[in-house]
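To keep things clear, I will list the structure first and then write my remarks on it.
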Amino acid sequence: MKARTLDGKTVAARIRKTMTEEVAALTARHGRAPGLAVILVGEDAASEVYVRNKKKACVDCGIESEAFSQTLPANTTQQHLLGLIAELNANPKVDGILVQMPLPAQINPETVIEAIEPDKDVDGFHPYNVGRLAARIPSLRSCTPYGCMKLLEETGIDLHGQEVVVVGASNIVGRPMALELLLAGATVTVVHKFTRDLQSHVERADIVVAAAGKPGLVKGAWIKPGAVVIDVGINRLPDGSLTGDVEFAPAAERAGWITPVPGGVGPMTITMLLANTVQAFREHLGDAP
Ligand code: NAD
Numbered sequence: 022m023k024a025r026t027l028d029g030k031t032v033a034a035r036i037r038k039t040m041t042e043e044v045a046a047l048t049a050r051h052g053r054a055p056g057l058a059v060i061l062v063g064e065d066a067a068s069e070v071y072v073r074n075k076k077k078a079c080v081d082c083g084i085e086s087e088a089f090s091q092t093l094p095a096n097t098t099q100q101h102l103l104g105l106i107a108e109l110n111a112n113p114k115v116d117g118i119l120v121q122m123p124l125p126a127q128i129n130p131e132t133v134i135e136a137i138e139p140d141k142d143v144d145g146f147h148p149y150n151v152g153r154l155a156a157r158i159p160s161l162r163s164c165t166p167y168g169c170m171k172l173l174e175e176t177g178i179d180l181h182g183q184e185v186v187v188v189g190a191s192n193i194v195g196r197p198m199a200l201e202l203l204l205a206g207a208t209v210t211v212v213h214k215f216t217r218d219l220q221s222h223v224e225r226a227d228i229v230v231a232a233a234g235k236p237g238l239v240k241g242a243w244i245k246p247g248a249v250v251i252d253v254g255i256n257r258l259p260d261g262s263l264t265g266d267v268e269f270a271p272a273a274e275r276a277g278w279i280t281p282v283p284g285g286v287g288p289m290t291i292t293m294l295l296a297n298t299v300q301a302f303r304e305h306l307g308d309a310p
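Shown next as structure tokens:
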């Protein structure tokens, strides 16, 4: 392997250490800890793991989550969930509200996202926050793209004018990722399931961000020598192992930098959720740096 590893675990641990000190100082200064409500509806096994990891990450860095979090049954009505969100919106001790996706079929995810006060939308999914990013005045930023930007920072590469190809155009990864990169001065191409020739786009990219949820979609042989490869994909193979959207071994022979899966983007996503919660807390207290 020729590429240097963009080690999300190490970068995330460094950011969390600094944040833990910051949270301790803020908690002492204001007499309360930042509060994050994590709401899970139903019993999806993967979601349960994500929620547990998020709550544990909160405890580790001094954010209060247990007191405000709830697990609701799978048959919860949309009206009930909206009522809970309204209570959390009004609770001055709650700085962030996260509703774990996906939601059961009877609940409309857009309605739920729009019900969260934008200043408590620590996932960065509310149209207000996405719009602020599009308008170049970011506030709370979508966690996964924000984490990818932090990883790109680690390479020391100036993003101005870089050819970046984002594979995938979802609301939670591809689209906000493209907006982040545009804000950073990159030349951005977004490819998606209707794109005619994925290979020709990837081949000319200085930076590839893959977020399609298709194992091995991006072939290692397509990677431009020296390019940066950020693999957001998390796919479970039949043998139970996790793999990304990029063919790792051949890509690592050509790339300059590459993220592993797991241990690349994943740890950064939770870290940026914590960072958003601390940012919301500071703003609620009028103590923004
Ligand atoms: P999604 O299904 O909502 O979107 C997938 C996107 O990929 C779509 O825009 C689609 O058009 C595009 N796509 C599908 N097939 C394609 C193809 N053949 N060529 C080009 N584009 C294609 O998925 P998502 O929620 O954006 O997640 C994408 C992946 O990222 C998944 O593996 C998910 O598990 C992972 N993910 C990881 C993190 C993390 O923290 N590491 C966070 C969120 C999502």
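The working numbering puts the first residue of the sequence shown at 22, with every later residue one more than the last. Every residue, glycine too, gets a C-beta built ideally from N, C-alpha and C.
Host beta strand (DSSP E) of residue i (start-end)
i    : result
D81  : That residue, D81, is in no beta strand (DSSP E); its alpha helix (DSSP H) goes 66 to 82.
I228 : 228 to 231
Q91  : 91 to 93
L154 : Careful: L154 lies outside any beta strand (DSSP E), inside the alpha helix (DSSP H) at 148 to 155.
G195 : Taken as a continuous stretch (DSSP letters only), G195 belongs to no beta strand (DSSP E), being part of the alpha helix (DSSP H) at 195 to 204.
I134 : From DSSP, I134 is part of no beta strand (DSSP E) but of the alpha helix (DSSP H) over 130 to 136.
T208 : 208 to 212
I251 : 249 to 252
Cβ shell of residue i (< 6 Å), same chain only, five flanking positions each side left out
i    : result
E85  : A54, G56
V185 : L202, A207, V209, I228
Q220 : W243
A273 : M22, A24, I279
G237 : E268
Own chain partners of residue i with C-beta closer than 7 Å, once the 5 adjacent residues on each side are dropped
i    : result
T165 : I193, V194, V253, V286, T290
K114 : R53, G56
T342 : Residue 342 cannot be examined here, being either before or after the span of the chain that is shown, 22 to 310.
Q99  : Q127, I128, N129, T132
V211 : V187, A190, G195, A199
P246 : R275
Burial state of residue i, where buried means 16 or more other Cβ atoms lie within 10 Å
i    : result
K38  : exposed
T292 : buried
G318 : Since the first residue of the chain shown is 22 and the last is 310, residue 318 is not available in this structure.
Q300 : buried
R196 : buried
T132 : exposed
L258 : exposed
A2   : This structure cannot settle anything about residue 2, because the visible part of the chain is limited to 22 through 310.
K214 : exposed
D260 : exposed
Q183 : buried
K77  : exposed
N297 : buried
G307 : exposed
T31  : exposed
N150 : buried
H181 : exposed
Terminal residues of the alpha helix (DSSP H) in which residue i lies
i    : result
L109 : 99 to 111
V223 : 219 to 224
G168 : 164 to 176
For residue i, the three-state DSSP class (helix, strand or coil)
i    : result
L294 : helix
I60  : strand
E184 : strand
R37  : helix
L27  : coil
E268 : coil
D140 : helix
G117 : strand
E87  : coil
L263 : strand
R257 : strand
V239 : strand
Nonlocal neighbours in the same chain, by C-beta distance under 8 Å from residue i, ignoring five residues either side
i    : result
C169 : M198, E201, V230, I251, V253, V286, M289
E43  : V299
S191 : A232
V80  : S86, E87
L172 : L27, G29, V32, I251, T280, G285, V286, M289
Near the ligand PLP: residue i beta-carbon under 7 Å from a heavy atom
i    : result
S262 : Although the ligand PLP was asked about, the structure shown includes only the ligand NAD as ligands.
Cβ of residue i within 8 Å of any chain B Cβ
i    : result
M293 : No chain B is part of this structure, which consists of one protein chain only.
Check your understanding: Just checking, does the segment 133 to 141 make contact with the segment 96 to 114 on the three C-beta pairs under 8 Å criterion?
Key -> yes
Point to revise | At least three beta-carbon pairs within less than 8 Å, the segment 154 to 172 to the segment 120 to 134 | key: no
Check your understanding: Contact between the segment 274 to 282 and the segment 25 to 36: three or more CB pairs below 8 Å?
Key -> The segment 274 to 282 makes contact with the segment 25 to 36: 3 or more CB pairs, one atom from each, lie closer than 8 Å.
Exercise for review: Could you say if the segment 87 to 94 and the segment 54 to 74 meet the contact criterion of at least three C-beta pairs nearer than 8 Å?
Suggested key: yes
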